[in-house]
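Colleague: Attaching a single structure in structure tokens format; questions to follow.
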Amino acid sequence: MKNLKDIKINPHMIIWIVIGIVLLVSVVKIIVWNIGTKSDFDPNNITDEFDTEALDVTYKVDTSKIEGFVDDGVTTVLMVGNNPITDCTDESGIPSLVAEQTNASVYSAGFSDTCLAAKNSTFSEDCNVDAFSLYYLTKAMCDGDYSLQDSVLSTGTVNQDYAASLDVLKNMDYSKVDVLVFMYDARDYLQMRNLYDDSDPYNTGTYVGALRASAKQIKETYPHIRMIFMSPYFASFVNEDGSYASGDTTNLGCGTMPDYLLFSIDVGNELLFTVIDNYYGTIYEDIASDYLTDNIHLNDKGRLALATRLSEAIGIPEK
């Protein structure tokens with residue numbers, strides 16, 4: 257009987273065995289790789305629907321920390337803006353839809369065809385409709401002085417329907433307002449209102465400056481009010497030949513629509529007010545034709561979409 261120490265190991269044989277094992281493993285892996293795994297991809301399925309992510313920022317006011325504030329138990333919402341709240345004022349309009357969804361008392365002060373930003377950095381009679389841009393309206397609301405708006409209305413050079421909305425602001429008890437909504441469409445972009453001023457962050461002749469100055473004076477005068485900025489939804493610029501140019505990529509001189517959105521989000525984070533991103537989160541380019549009647553105006557489906565987004569931000573009671 258041989259001892260183990262007497263058994264001679266052939267090193268060449270071991271090398272060939274190792275090589276064989278390596279080759280066998282490699283062949284098996286290649287076979288498995290070629291077979292692959294089942295994919296869910298269907299080359300015959302064509303869709304034009306794409307996921308988008310809203311860039312909302314949300315802030316609420318802790319009224320328990322505001323000295324002297326008394327909650328009356330009623331949610332009162334005031335909307336200030338332009339065409340999204342003025343083009344339809346019946347039960348299918350945004351204010352009525354929000355009131356229905358939230359059970360809130362909703363007041364609307366809309367000024368059609370106006371812009372959020374003023375055309376000029378200081379008020380000038382050559383563009384007296386600036387008196388109804390956001391900064392001058394919120395200034396009047398904070399000061400309780402509507403003489404500028406009354407004076408412009410008396411000239412007969414602006415839409416006389418503004419008087420009814422101005423009366424809403426004049427008669428509002430701001431101590432009872434819980435939510436103040438700023439809702440403007442893409443008119444600032446289409447009318448090429450300046451976006452920002454590096455040298456003056458409160459320049460009301462710019463979109464960013466007007467929003468910042470308006471929110472700041474509301475925050476200081478009425479600290480109990482929660483502000484919600486409803487960003488513009490997608491819109492297109494109409495070329496001379498009637499064709500549409502996408503607001504997503506067309507720079508008319510002051511930036512593209514996403515620029516206006518992103519700067520407004522910065523202001524919201526700075527002054528701690530809610531920004532609802534309607535550009536990516538409600539009516540974006542790929543679906544805009546289903547929600548608009550033309551390049552900018554909402555249809556019933558569009559108004560319902562915006563109203564629902566706003567109602568969710570305000571709070572929809574459980575049924």
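So for the sequence shown, the working numbering puts the first residue at 257; every next one is plus one.
Here a beta-carbon is modelled for each residue, glycine too, at the ideal position from N, C-alpha and C.
1) For the alpha helix (DSSP H) that Met448 lies in, which residues bound it at each end?
2) Apply the 10 Å Cβ neighbour rule to Phe493 and answer buried if 16 or more other Cβ atoms are within range, or exposed otherwise.
3) Should Ile273 go down as buried or exposed, given a rule of 16 or more other Cβ atoms within 10 Å for buried?
4) By Cβ distance, which residues of its chain are closer than 6 angstroms to Leu390, with the 5 residues on each side in sequence left out?
5) With a floor of 4 residues, list each alpha helix (DSSP H) that falls wholly inside the stretch 364-445, ordered by position along the chain.
6) Quick one: what's Phe493 bridged to in DSSP?
7) What span of residues does the beta strand (DSSP E) with Thr332 cover, start to end?
8) By the 10 Å Cβ neighbour count, where 16 or more other Cβ atoms means buried, how is Thr378 classified, buried or exposed?
9) Does the beta-carbon of Asn507 have 16 or more other beta-carbons within 10 angstroms, so that it is buried, or is it exposed?
10) Determine the direct distance from the alpha carbon of Thr462 to that of Asp456, and round the result to whole angstroms.
11) What do you get for Glu541, buried or exposed, if any count of 16 or more other CB atoms within 10 angstroms of its CB means buried?
12) Can you look up Ile532 in the DSSP assignment and give me helix, strand or coil?
13) Within the same chain, show all residues whose beta-carbon is closer than 6 angstroms to that of Asp304, passing over the 5 residues directly before and after it, in chain order.
14) Taking the alpha carbon of Ala374 as the point to measure from, which residue in Asn551, His553, Glu347, Asn459 has its own alpha carbon closest?
Modeller: In this structure, then:
1) Here residue 448 is taken as the residue at index 192 of the sequence shown, counted from 1. Note, Met448: premise wrong, no alpha helix (DSSP H); not H, not E.
2) For the purposes of this step, residue 493 is identified with residue 237 of the sequence shown, where counting begins at 1. So Phe493 counts as buried.
3) Here residue 273 is taken as the residue at index 17 of the sequence shown, counted from 1. By the neighbour-count rule (16 or more Cβ atoms within 10 Å), Ile273 is not buried but exposed.
4) If you number the sequence shown from 1, residue 390 lands on position 134. The answer, listed in chain order, is Leu372, Ala466, Ser470.
5) 390-399, 403-410, 418-427
6) Start at 1 with the first residue of the sequence shown, and residue 493 comes out as number 237. For Phe493, which the question treats as bridged, DSSP gives the partners Ala501.
7) For the purposes of this step, residue 332 is taken as the residue at position 76 of the sequence shown. For Thr332, the uninterrupted beta strand (DSSP E) segment begins and ends at 332-337.
8) Within the sequence shown, numbered from 1, the residue matching residue 378 stands at position 122. That one is exposed.
9) Within the sequence shown, the letter at position 251 stands for residue 507. By the 10 Å Cβ count, Asn507 comes out exposed.
10) Mapped onto the sequence shown, residue 456 falls at position 200. Mapped onto the sequence shown, residue 462 falls at position 206. So the two alpha carbons sit approximately 10 angstroms from each other.
11) Stepping through the sequence shown from its first residue, residue 541 is reached at position 285. By the 10 Å Cβ count, Glu541 comes out buried.
12) For the purposes of this step, residue 532 is taken as residue 276 along the sequence shown, with counting starting at 1. When DSSP states are grouped into helix, strand and coil, Ile532 belongs to the strand group.
13) Counting from one through the sequence shown, the residue named residue 304 turns up at place 48. The pLDDT assigned to Asp304 is 45, lower than 50, so where the model puts this residue is not dependable; a value taken from the coordinates is nonetheless given after this. Cβ within range, chain order: n/a, list empty.
14) Position 118 of the sequence shown holds residue 374. Answer by Cα proximity: Asn459.
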